[in-house]
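Okay, so here's the structure we're looking at.
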Amino acid sequence: MKKENVVAEETIFSKIIRREIPSDIVYQDELVTAFRDISPQAPTHILIIPNILIPTVNDVTAEHEQALGRMITVAAKIAEQEGIAEDGYRLIMNTNRHGGQEVYHIHMHLLGGRPLGPMLAHKGL
């Protein structure tokens, strides 16, 4: 998918933010929305997204700092509510194809509820 096409496209996340499609929203305010992943990779797997479309981390500017900061504070709040804060959790943001990004609306994965193991398999360079 070409980047110039990505910006103009509406994403499934846009519809979740507007509550046009069903989702299990666990938090929403004027800056961010958080909802449970439909294909969880851990007992707790929540996506936290800005309410404005920012296709990739490479597109972030200073004007996005408040929303991105809120994503992290909301992640900590949700981790506490989910009972995973003390044992620990992982926050992940993927960028572009090689980084594993599938939806071109930046999002942060909050994963926890079990030991998560190493980030990457040790397969060498």
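Quick note on the UniProt record's numbering: the sequence shown kicks off at 1 and runs consecutively.
Note that the Cβ used here is the ideal one computed from N, Cα and C, for glycine as well.
Bear in mind that the values here come from a model prediction, so they are computed numbers and not experimental data.
Counting C-beta pairs closer than 8 Å gives fewer than three between the segment 13–28 and the segment 84–94, which falls short of the contact rule.
The three-state reading of DSSP puts residue 90 in strand, counting E and B together. For residue 25, same chain residues with a beta-carbon under 6 Å away, outside a window of 5 residues either side, are 35 in chain order. Bounds of the beta strand (DSSP E) holding residue 110 are 108–112. Residue 109 is not a Cβ neighbour of residue 28, given a cutoff of 9 Å. In the structure shown, residue 28 falls within a strand segment according to DSSP collapsed to helix, strand and coil. Taking each of 12, 23, 43, 11 in turn and checking the Cα distance to residue 114, the smallest one comes out for 43.
Residue environment analysis places residue 83 among the exposed positions, since fewer than 16 neighbouring C-beta atoms fall within 10 angstroms of its C-beta.
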